[in-house]
Amino acid sequence: MNLVTTDWLETNLDKVKIFDASWHMPSAKRNAKKEYNERHIKGAMFWDIDEHSDKNSPLPHMMSNSKYWAKTLSSYGIKNEDHIIVYDFSDLYSSCRLWFSLKYFGHQKVSVLNGGMKKWIEENKETSNKVEKITKTAGYKTNENFEWIKNKNNIDQNIKTSSFQTVDARSRERFQGKVNEPRPELKRGCILGSKNIPFKDCIDPKTNIFKSKTELNEIFAQNNVDLSKPIVFTCGSGITACVLGVVYSLISDKNAVIYDGSWSEYGKK
């Protein structure tokens, strides 16, 4: 169950653990933590994607290590058997990143709230400004799926061997190098031989929910992505690639593979 509806969550609030994983690009001029403090789904805990990424990496949003992950989830009171629901107050992308991260470190029951906070509010469902006290746990165990993340060497090698398809989640304009990247240290363009599925194409702009499986299959086909062959998803900094990762899991029942460094690493001038 990689997705849950707002109605499902409303009915099961007391049976799950919830993370508000909202994150915004600096250009949005929005403060995710401030918004969380003002209004969030009852019982939700705030997850700061920047804070919980690898601080030793010069690249943004890189995956942390198992030791840090286990310690952090225990500090949030998470147990291995918990069903975790993740949501955000954006276009679903940062919740998908946390979904992927939890799955990567071996958590079994993780679901993205389809429609996110946008849909929750539009439906006038209950929100809170109370930050619940967290009871820490001990002994959270990780089971890291190392094969789910690729590095730059893997990408370089694949350009020669074509052992997997590289699919970029950025906009057409960025993928085609028609506009500057948001990060000034990056050049324009894309990884040689990669394909493009803008992540926003997979989400209904009116409802903020994922399009149907039939529509998602068509989107992959229209962009010449073969679901029968291995795929590695990439983007700007490893976040929106995880939206395509969720989509891929919905239509193939397979685990997603991400190039974590993405264009932040590959596109350096």
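Read left to right, the sequence shown gives residues 0 to 268 (numbering that gives the first Met the number 0). Yeah, the Cβ is synthetic: ideal placement off N, Cα and C, and Gly gets one too.
Contacts around residue i, its chain only, beta-carbon distance under 7 Å, and the 5 residues preceding and following it disregarded
i, result
"Ser-270", "No answer is possible for residue 270: the residues shown for the chain start at 0 and end at 268."
"Glu-184", "Lys-267, Lys-268"
"Trp-119", "Thr-5, Ile-40"
"Leu-269", "Lying outside 0 to 268, the shown extent of the chain, residue 269 is not represented and no answer is given."
Candidates the options, of which the one nearest residue i by Cα
i, options, result
"Ser-162", "Ile-190, Val-231, Arg-96, Gln-175", "Val-231"
"Leu-2", "Ile-218, Phe-145, Leu-226, Lys-210", "Lys-210"
"Lys-78", "Ser-127, Asn-113, Lys-108", "Lys-108"
"Lys-199", "Leu-72, Asp-90, Gly-244", "Asp-90"
"Leu-215", "Cys-189, Val-245, Leu-191", "Val-245"
"Ile-257", "Tyr-139, Lys-149, Ser-56, Ala-69", "Lys-149"
"Asn-207", "Phe-219, Phe-145, Asn-113", "Asn-113"
"Lys-135", "Ser-63, Thr-126, Ser-74, Lys-117", "Ser-74"
"Lys-205", "Lys-124, Glu-125, Cys-189, Gly-115", "Gly-115"
Supposed close pair residue i, residue j - CB separation, criterion 8 Å
i, j, result
"Val-224", "Gln-164", "6 Å"
Contact set for residue i: own chain, Cβ-Cβ below 6 Å, skip 5 residues either direction
i, result
"Met-0", "Ser-110"
"Leu-58", "Gly-260, Ser-263, Glu-264"
"Met-283", "The question about residue 283 has no answer here: the residues shown for the chain are numbered 0 through 268."
Simplified DSSP state of residue i, which is helix, strand or coil
i, result
"Asn-153", "helix"
"Lys-177", "coil"
"Leu-185", "strand"
"Met-0", "coil"
"Thr-136", "coil"
"Asp-87", "coil"
"Thr-5", "helix"
"Lys-28", "coil"
"Met-116", "helix"
"Tyr-75", "coil"
Neighbour-count burial assignment, residue i, 16 or more Cβ in a 10 Å radius
i, result
"Gly-270", "In the structure as shown, the chain begins at 0 and stops at 268. Residue 270 is therefore absent and cannot be evaluated."
"Arg-171", "exposed"
"Lys-32", "exposed"
"Lys-253", "exposed"
"Ser-227", "exposed"
"Asp-167", "buried"
"Lys-132", "exposed"
Cβ neighbours of residue i in the same chain (closer than 8 Å, five flanking residues each side left out)
i, result
"Ser-26", "Pro-181"
"Glu-50", "none"
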